[in-house]
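In the working numbering, the protein residues as written are 2 to 309.
Glycine included, every Cβ here is placed at the ideal spot set by N, Cα and C.
Here the structure is laid out as structure tokens; the discussion comes afterwards.
So this is what it looks like as structure tokens:
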């Protein structure tokens with residue numbers, strides 16, 4: 002067998018002579034390879050034997066695709082459940098905010114500050130409009146709701162904090178106002194001013210008011226303050242002196258015993274001593290004095306004053 006090869010560039014020819022065995026091998030290659038491929042294809046179609054990637058049958062592909070669809074459905078249901086939970090939580094927060102609004106309004110009204118605090122006003126919010134699919138719109142709705150709640154909480158927190166500070170200051174100011182009786186279930190036995198001294202029978206100045214009460218009765222501070230001094234006085238006996246600020250100081254004398262010490266912070270109405278008859282005294286009573294800016298004043302003005 003002779004094979005002639007023609008060159009494309011120069012048009013030259015070249016011949017190759019094939020021997021007997023060479024012709025046989027070439028024939029086998031040319032005829033055997035297509036035959037083998039055809040046989041494999043026939044077996045692939047008839048027997049259904051598919052190696053590697055082709056091992057997966059149509060039913061298996063269907064199951065795989067169905068499984069993926071199921072996972073997507075599960076994820077979608079989980080997302081819906083989460084959205085439902087968030088919706089419930091937002092509704093709960095809104096209800097709690099409403100109750101806090103009512104409480105804030107009541108506090109502002111009782112404090113006569115309703116003109117300065119408006120808990121019913123919704124905080125101003127704004128932003129770009131959002132367009133898109135329903136899923137994105139739903140997500141945007143949640144974000145907007147959360148942003149509104151956050152703004153509302155911030156505004157309410159600020160208002161309540163300010164209101165709390167104002168009420169605390171007002172309460173502190175009210176508590177430091179000197180007002181009321183230093184002892185309960187007592188009667189006035191000596192007024193402020195000039196009187197006859199019980200020991201010398203001479204006219205002398207009485208710098209306070211005396212309230213007669215049962216021994217051991219509780220003596221209360223008529224205002225909040227800090228104890229300046231508590232101890233034994235040569236004439237007043239056991240005595241407590243309290244500084245209430247704003248230039249006011251009160252004294253409680255002839256006590257059976259003192260229940261506070263210097264430096265103690267005292268609340269309005271706190272028991273500071275017990276009624277007794279120590280020092281220069283003729284019987285169980287409390288001697289009550291009021292000082293304003295360093296000068297003793299008539300306590301009756303403050304005793305008759307109603308508590309704020």
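Where residue i falls: helix, strand or coil (DSSP)
i	result
residue 242	strand
residue 236	coil
residue 227	strand
residue 213	strand
residue 254	strand
residue 95	helix
residue 294	coil
residue 191	strand
residue 145	helix
Residue-chain proximity (residue i, chain B), Cβ-Cβ < 7 Å
i	result
residue 232	Among the chains in the structure shown there is no chain B, since it carries only a single protein chain.
Bridge-paired residues (DSSP) for residue i
i	result
residue 197	204
residue 259	274
residue 303	Paired residues: none, contrary to the question.
residue 83	For residue 83, which the question treats as bridged, DSSP gives no partner whatsoever.
residue 289	210 and 253
residue 178	In DSSP, residue 178 forms no bridge with anything.
residue 221	272
Reference residue i; option with closest CA among the options
i	options	result
residue 232	261, 272 and 290	261
residue 264	189, 193, 148 and 228	228
residue 192	213, 163, 152 and 270	213
residue 295	243, 269 and 257	243
residue 211	299, 94, 93 and 102	299
residue 148	94, 282 and 274	94
residue 1	150, 248 and 202	Residue 1 is absent from the model: the chain starts at 2 and stops at 309.
residue 145	254, 183, 220 and 91	91
C-alpha distance - residue i paired with residue j, whole-angstrom precision
i	j	result
residue 250	residue 96	49 Å
residue 87	residue 78	14 Å
residue 276	residue 287	6 Å
residue 271	residue 202	36 Å
residue 305	residue 179	10 Å
residue 257	residue 189	19 Å
residue 128	residue 141	Any reading at residue 128 must be qualified, since the residue scores a pLDDT of 44, below 50, and its modelled position is unreliable; no value is offered.
residue 194	residue 289	13 Å
residue 217	residue 174	30 Å
residue 284	residue 246	32 Å
residue 268	residue 163	23 Å
Buried or exposed by the 16-neighbour rule on C-beta atoms within 10 Å, applied to residue i
i	result
residue 153	buried
residue 236	exposed
residue 182	buried
residue 252	buried
residue 239	buried
Residue i Cβ short of 6 Å to the ligand GTP heavy atom set
i	result
residue 183	The ligand GTP is absent from the structure shown, which contains no ligand whatsoever.
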